[in-house]
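*Asks:*
Chains as they are written, first to last, in the working numbering: chain A, 29 to 268; chain B, 22 to 246.
(1) What residues from chain A crowd round residue 194 (chain B), counting only those whose CB sits closer than 7 angstroms?
(2) For a contact defined as C-beta to C-beta under 7 angstroms, what are the partners of residue 92 (chain B) on chain A?
(3) Answer with yes or no whether the minimum CB distance from residue 98 (chain A) to chain B is below 8 angstroms.
(4) Closer than 8 angstroms, CB to CB, is residue 164 (chain B) near chain A or not?
(5) Comparing the C-beta of residue 245 (chain B) with each C-beta of chain A, is any distance below 8 angstroms?
(6) Ignoring anything shorter than 4 residues or poking outside the region 42-95 of chain B, list the alpha helix (DSSP H) runs there in chain order.
(7) What's the C-alpha gap between residue 265 (chain A) and residue 183 (chain A)?
(8) What residue does the alpha helix (DSSP H) around residue 159 (chain B) start on, and which one ends it?
(9) What separation, rounded to the nearest whole angstrom, lies between the Cα atoms of residue 131 (chain B) and residue 65 (chain B)?
(10) Going along the region 147-179 of chain B in order, which residues come within less than 9 angstroms of chain A, judged by CB to CB distance?
(11) Buried or exposed for residue 226 (chain A), please, with buried defined as at least 16 other CB atoms from any protein chain shown within 10 angstroms of its CB.
(12) Assign residue 142 (chain B) to one of three DSSP states: helix, strand, or coil.
(13) Since residue 101 (chain A) meets chain B, which of its residues come closer than 7 angstroms, beta carbon to beta carbon?
(14) Which whole-angstrom value describes the C-beta separation of residue 240 (chain A) and residue 198 (chain A), a residue pair presumed to lie in contact below a C-beta threshold of 8 angstroms?
(15) Does residue 214 (chain B) have its Cβ less than 8 angstroms from a Cβ in chain A?
(16) What residue from A:121, A:181, A:109 and A:202 has the CA that sits closest to residue 257 (chain A)'s CA?
(17) Using the beta-carbon count (16 or more within 10 Å), is residue 229 (chain A) buried or exposed?
(18) With 16 other CB atoms within 10 Å as the buried threshold, where does residue 246 (chain B) fall?
(19) What does residue 89 (chain B) touch in chain A if you count any residue whose Cβ is under 8 angstroms from its own?
(20) With a Cβ-Cβ cutoff of 8 angstroms, do residue 38 (chain A) and residue 232 (chain A) count as a contact?
(21) Considering only their Cβ atoms, is the gap separating residue 164 (chain B) from residue 156 (chain B) smaller than 8 angstroms?
(22) Enumerate, from N- to C-terminal direction, the unbroken alpha helix (DSSP H) stretches of 4 or more residues contained entirely within the region 42-130 of chain A.
(23) Can you tell which of B:40, B:102, B:23 and B:128 has the C-alpha that lies nearest to the C-alpha of residue 112 (chain A)?
(24) Going straight from the alpha carbon of residue 65 (chain A) to that of residue 98 (chain B), what length do you get?
(25) Less than 8 angstroms separating the beta-carbons of residue 91 (chain A) and residue 84 (chain A)?
(26) Beta carbons nearer than 7 angstroms to chain A: which residues of the region 104-126 of chain B have them?
(27) Within a Cβ cutoff of 7 angstroms, which residues of the same chain sit near residue 86 (chain B), ignoring the five residues on either side of it in sequence?
(28) Taking only the alpha-carbon atoms, compute the straight-line gap between residue 186 (chain B) and residue 130 (chain A) and give it to the nearest angstrom.
(29) Under 8 angstroms between C-beta atoms, does residue 56 (chain A) make it to chain B?
(30) Under 9 angstroms Cβ-Cβ, which residues of chain A neighbour residue 230 (chain B)?
(31) So, is the C-beta of residue 101 (chain B) closer than 8 angstroms to a C-beta in chain A?
(32) Three or more C-beta pairs under 8 angstroms: does that hold for the region 130-139 of chain A against the region 155-166 of chain A?
(33) Which same chain residues, not among the five before or five after residue 232 (chain B), have their C-beta less than 8 angstroms away from its C-beta?
(34) Would you say residue 97 (chain B) faces chain A, with C-beta separation under 8 angstroms as the test?
(35) DSSP three-state label for residue 209 (chain A), please.
(36) Cβ atoms of residue 175 (chain B) and residue 240 (chain B): under 8 angstroms apart, would you say?
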């Protein structure tokens, strides 16, 4: 391998600025998509328990269809497929206001909303029904049982899988480069194109993702350890 | 408004070339997904068992391997291999080889975690009983632990296979002609993005949904089978 390393390309010229811009876009895209995903996850989860069949069926359809199709296909669908169906004026407005970012956000949020729905649902199903019965038998009111027993346990059960899924969302935001959203992977490729320094550019991008994911996982798993109830929830697996 | 003619006219290209990989392009979703699943799982068993090893010089690299690949987006890993394999080999490799290598190495980290969790789910008493009967460590693993662990792993294994199957669409970024790329190629000529992308979404969905149905059936089967 006869590759000459030249790390200075990362801080000379515009590279540093591009990386920072990319990181900011990745965080913005992920944060907005995360809010959408959690909202859709809770909504579709709640609709699946409603005593009205068409609504239940719609929620099941949403979850099963959207999470079982590749995110890349959704990116293309929302970016290339949907805008031509909109009125001309709306299309023009969208393409003047960063359509690729909004399409990417929608693709990421709607896809992960379906996955989030399953994560939240299995978290809630994991709470033993006896916890509630025991609290009521001890003389707690329903409100107290929820506030003092069910919600504290539910949060501890749900936070680890939600953290995991949120990190998946963050990593999957890189797929938005296919519809030219200028996020971190896109900027890494741009540095590669301008400087012809693939190794250095890819290292920088990879390290940023790694630091981001590992530090979030580490913070969440130390929170998890700190608030664990001894003997109730066995901690399985490491961070991440 | 929906023009299904575009699907009918290009059905053969999309399915035979894009999905199955039979045609003038060296492509195909299935031709990539099946070996990636088999080889990724095989490497995953090695990684998972290495993570459980007592010797630190085996365990620590395995932990680093898993944590590294689980902290990096797959898109990034594909670009890495796209760049580094020709550098290392000194000659260009077709997209198929690059994509397959990237998927196997990336997914092995995830399969490894599943194998580890599966092995750890086998009660400790089973190992002790096997050793007390005179089986060696390797034989206890081969005849007692792994068969039970595999059964516990089935649901998460199928989930990971579905994830990998969907991830193969990312090979289109480096120009591999899979189902997604085939739809892009047709769309460049026909400009019917809504119909085309919805159609391939349905094709992907039929595959992944039937995989998950199969998994549910396997789960319901009594574990003593």
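For each residue, glycine too, the CB sits at the ideal point set by N, CA and C.
Remember, predicted model here, so these are calculated numbers, not experimental data.
*Replies:* Let's see:
(1) Residue numbering aside, residue 194 (chain B) sits at position 173 when the second chain is read from its first letter. Residues of chain A passing the Cβ test: 206.
(2) In the second chain, counting from the first residue as 1, residue 92 (chain B) sits at position 71. Residues of chain A passing the Cβ test: 237, 238, 241, 242 and 268.
(3) Position 70 of the first chain holds residue 98 (chain A). Cβ-Cβ to chain B under 8 angstroms: yes for residue 98 (chain A).
(4) For the purposes of this step, residue 164 (chain B) is identified with residue 143 of the second chain, where counting begins at 1. By this cut-off, residue 164 (chain B) is not an interface position.
(5) Numbered from its first residue, the second chain carries residue 245 (chain B) at position 224. For residue 245 (chain B), the predicted structure reports a pLDDT of 48, less than 50, and the residue's modelled location is therefore unreliable. A value from the coordinates is still provided. Not closer than 8 angstroms to any Cβ of chain A, the Cβ of residue 245 (chain B) fails to qualify, so no.
(6) 50-72 and 77-91
(7) Residue 265 (chain A) sits at position 237 when you count from the first residue of the first chain. Residue 183 (chain A) sits at position 155 when you count from the first residue of the first chain. Confidence is the limiting factor: at residue 265 (chain A) the pLDDT is only 42, short of 50, which leaves the residue's position unreliable and the question unanswerable from this model.
(8) Here the question's residue 159 (chain B) lines up with position 138 in the second chain. Note, residue 159 (chain B): alpha helix (DSSP H), 158-161.
(9) Residue 131 (chain B) sits at position 110 when you count from the first residue of the second chain. Residue 65 (chain B) sits at position 44 when you count from the first residue of the second chain. Looking at the two C-alpha atoms, the distance is approximately 7 angstroms.
(10) none
(11) Reading the first chain from its first residue, position 198 is the one you call residue 226 (chain A). Looking at its Cβ environment, which holds 16 or more other Cβ atoms inside 10 Å, residue 226 (chain A) is buried.
(12) Residue mapping note: residue 142 (chain B) aligns to position 121 of the second chain, counting from 1. It is coil, neither helix nor strand.
(13) Here residue 101 (chain A) is taken as the residue at index 73 of the first chain, counted from 1. Ordered by position in chain B, the residues that pass the 7 angstroms Cβ test against residue 101 (chain A) are 190, 201, 218, 221, 222 and 225.
(14) Translated into the one-based positions of the first chain, residue 240 (chain A) becomes position 212. Translated into the one-based positions of the first chain, residue 198 (chain A) becomes position 170. Right, the Cβ-Cβ distance comes to about 7 angstroms (below 8 angstroms), so this counts as a contact.
(15) Indexing the second chain from 1 puts residue 214 (chain B) at position 193. Output row for residue 214 (chain B): interface = yes.
(16) The sequence position of residue 257 (chain A) within the first chain is 229, counting from 1. Checking every option, the nearest Cα to that of residue 257 (chain A) belongs to A:181.
(17) One-based indexing of the first chain puts residue 229 (chain A) at position 201. Classification of residue 229 (chain A): buried, given that the 10 Å Cβ count is 16 or more.
(18) For the purposes of this step, residue 246 (chain B) is taken as residue 225 along the second chain, with counting starting at 1. The pLDDT assigned to residue 246 (chain B) is 40, lower than 50, so where the model puts this residue is not dependable; a value taken from the coordinates is nonetheless given after this. Exposed, since its Cβ has fewer than 16 Cβ neighbours within 10 Å.
(19) Residue mapping note: residue 89 (chain B) aligns to position 68 of the second chain, counting from 1. Here the neighbours are 238.
(20) By 1-based counting over the first chain, the position of residue 38 (chain A) is 10. By 1-based counting over the first chain, the position of residue 232 (chain A) is 204. In contact: residue 38 (chain A) and residue 232 (chain A) (Cβ atoms closer than 8 angstroms).
(21) Numbered from 1 along the second chain, position 135 holds the residue referred to as residue 156 (chain B). Numbered from 1 along the second chain, position 143 holds the residue referred to as residue 164 (chain B). Taking 8 angstroms as the Cβ cut-off, residue 156 (chain B) and residue 164 (chain B) qualify as a contacting pair.
(22) 43-75, 81-95, 99-104 and 116-124
(23) In the first chain, residue 112 (chain A) corresponds to position 84, counting from 1. The candidate whose alpha carbon is nearest that of residue 112 (chain A) is B:23.
(24) The sequence position of residue 65 (chain A) within the first chain is 37, counting from 1. The sequence position of residue 98 (chain B) within the second chain is 77, counting from 1. Cα to Cα, the separation comes out at about 25 angstroms.
(25) Against the first chain, residue 91 (chain A) aligns to sequence position 63. Against the first chain, residue 84 (chain A) aligns to sequence position 56. No, Cβ-Cβ distance for residue 91 (chain A) and residue 84 (chain A) is not below 8 angstroms.
(26) 104, 108 and 109
(27) For this step, residue 86 (chain B) is matched to residue 65 along the second chain. 68 and 130.
(28) To locate residue 186 (chain B), count along the second chain from 1; it is residue 165. To locate residue 130 (chain A), count along the first chain from 1; it is residue 102. Approximately 26 angstroms between the Cα atoms of the pair.
(29) Within the first chain, residue 56 (chain A) is the residue found at index 28, counting from 1. So, not an interface residue.
(30) Position 209 of the second chain, counting from 1, holds the residue named residue 230 (chain B). Within 9 angstroms Cβ-Cβ: 92, 93 and 96.
(31) Position 80 of the second chain, counted from the start, is the residue given in the question as residue 101 (chain B). So, interface residue.
(32) no
(33) Taking the first residue of the second chain as position 1, residue 232 (chain B) is located at position 211. So the list reads 179, 182, 183 and 186, once near-sequence residues are dropped.
(34) Taking the first residue of the second chain as 1, we reach residue 97 (chain B) at position 76. So yes, residue 97 (chain B) belongs to the interface.
(35) Stepping through the first chain from its first residue, residue 209 (chain A) is reached at position 181. Looking at residue 209 (chain A) - three-state DSSP - the assignment turns out to be coil, as it is neither helix nor strand.
(36) Locating residue 240 (chain B) in the second chain gives position 219, counting from the first residue. Locating residue 175 (chain B) in the second chain gives position 154, counting from the first residue. Yes, these two residues count as a Cβ contact at 8 angstroms.
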